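Before any comments, here is the structure.
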Amino acid sequence: MEKQATFSDLTVLWKRWSEYRVVEQTFNRRKFRYLVPVPGATEMTYNCAEHAEQMVADALELGRQLNMEGADQDCLCADFAARYGLLGPDVELGQAIGEGPDTPPPFRPVGTAEYGEDMELFQKEFKRLYQHLLHANGGEKAPAGELIGLLPYRLTAGRTPQLIWEIKSLESLLRLTYAALITAPNKTLKTCKNCGRVYYNSRAKSKFCSTRCRNVYNVRAFREK
Numbered sequence: 017m018e019k020q021a022t023f024s025d026l027t028v029l030w031k032r033w034s035e036y037r038v039v040e041q042t043f044n045r046r047k048f049r050y051l052v053p054v055p056g057a058t059e060m061t062y063n064c065a066e067h068a069e070q071m072v073a074d075a076l077e078l079g080r081q082l083n084m085e086g087a088d089q090d091c092l093c094a095d096f097a098a099r100y101g102l103l104g105p106d107v108e109l110g111q112a113i114g115e116g117p118d119t120p121p122p123f124r125p126v127g128t129a130e131y132g133e134d135m136e137l138f139q140k141e142f143k144r145l146y147q148h149l150l151h152a153n154g155g156e157k158a159p160a161g162e163l164i165g166l167l168p169y170r171l172t173a174g175r176t177p178q179l180i181w182e183i184k185s186l187e188s189l190l191r192l193t194y195a196a197l198i199t200a201p202n203k204t205l206k207t208c209k210n211c212g213r214v215y216y217n218s219r220a221k222s223k224f225c226s227t228r229c230r231n232v233y234n235v236r237a238f239r240e241k
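In our numbering, the protein residues as written are 17 to 241.
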């Protein structure tokens with residue numbers, strides 16, 4: 017069952033910035049690469065659950081491109097962050113926050129202009145999602161370990177109690193939505209028959225991510241005949 021049907025009233029407010037970049041910093045004598053907002057970027061708060069299915073498709077496509085090990089990986093990650101924000105993986109468990117001037121970006125408060133995430137861990141999340149999709153679709157290589165997500169909630173008091181989900185991180189929403197889509201009876205996460213792009217489409221007969229890809233494939237198939 018898809019997320020929209022299961023959690024139709026889910027709202028997860030998340031903060032993103034209009035532009036991100038990769039910076040290098042040394043921490044404990046090790047050099048790290050962090051994905052952080054560009055100074056002066058515009059701050060935006062939005063409901064990231066509203067179009068979560070499309071976010072999952074974009075995350076899987078990012079994982080596919082990262083697995084291809086192209087030269088523009090930093091730009092791909094920065095573009096995803098600009099559309100959806102950083103993942104906030106430690107929010108659900110309780111983020112360890114430092115206050116010193118040399119505090120690394122992952123230990124700054126989530127949603128601030130100073131917060132950032134380790135690029136290696138950021139990319140790993142998308143690669144694992146894509147590897148899980150490949151294995152679910154018949155691929156030989158299985159992802160390392162299970163995908164686990166936290167689902168915090170509260171139950172209101174009264175004669176008609178309501179179950180209210182309190183998902184606090186983009187990572188948890190991403191994993192929850194992917195889990196709902198990949199286990200649904202109808203296959204909505206698809207791979208374009210022409211270009212290989214991962215996309216979301218609820219129509220059972222959809223085989224191409226765009227009209228252009230469908231036309232290119234059909235023309236090529238016609239010429240081959």
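C-beta: ideal position from N, C-alpha, C; glycine also. For clarity, every value in this text was computed on a predicted model and none was experimentally measured.
Asked	Found
Exposure label - Asp74; buried when at least 16 CB within 10 Å	buried
Under 8 Å between C-beta atoms of Phe123 and Gly114	yes
Cβ distance (whole Å) where Ser185 is taken to contact Val107 below 8 Å	4 Å
Close Cβ partners of Tyr36 (< 7 Å) along its chain, the five nearest in sequence each way excluded	Leu51, Val52, Pro53, Val54, Ala94, Ala97, Ala98
Sequence-distant residues of its chain with Cβ nearer than 6 Å to Cys211 (five each side left out)	Cys229
For Arg49 and Thr119, the rounded distance between their alpha carbons	14 Å
Boundaries of the alpha helix (DSSP H) in which Lys143 is found, first to last residue	135 to 152
CA nearest to the CA of Val39, picked from Tyr131, Thr27, Thr58	Tyr131
Extent of the continuous beta strand (DSSP E) run through Tyr36	36 to 43
Continuous beta strand (DSSP E) stretch holding Ile180: start and end	179 to 181
Exposed unless 16 or more other CB atoms sit within 10 angstroms - verdict on Gln81	buried
Residues of its chain near Glu28, where Cβ-Cβ distance is below 6 Å and the 5 sequence neighbours each way are ignored	It should be noted that the sequence gives Val, not Glu, for residue 28. The answer, listed in chain order, is Cys64, Ala65, Ile183, Leu189.
Boundaries of the beta strand (DSSP E) in which Phe48 is found, first to last residue	46 to 53
Nearest-angstrom Cα separation, counted from Arg45 out to Glu141	25 Å
Through-space distance from Tyr233 to Thr227, alpha-carbon basis	10 Å
Span separating the alpha-carbon of Asn153 from that of Met84	18 Å
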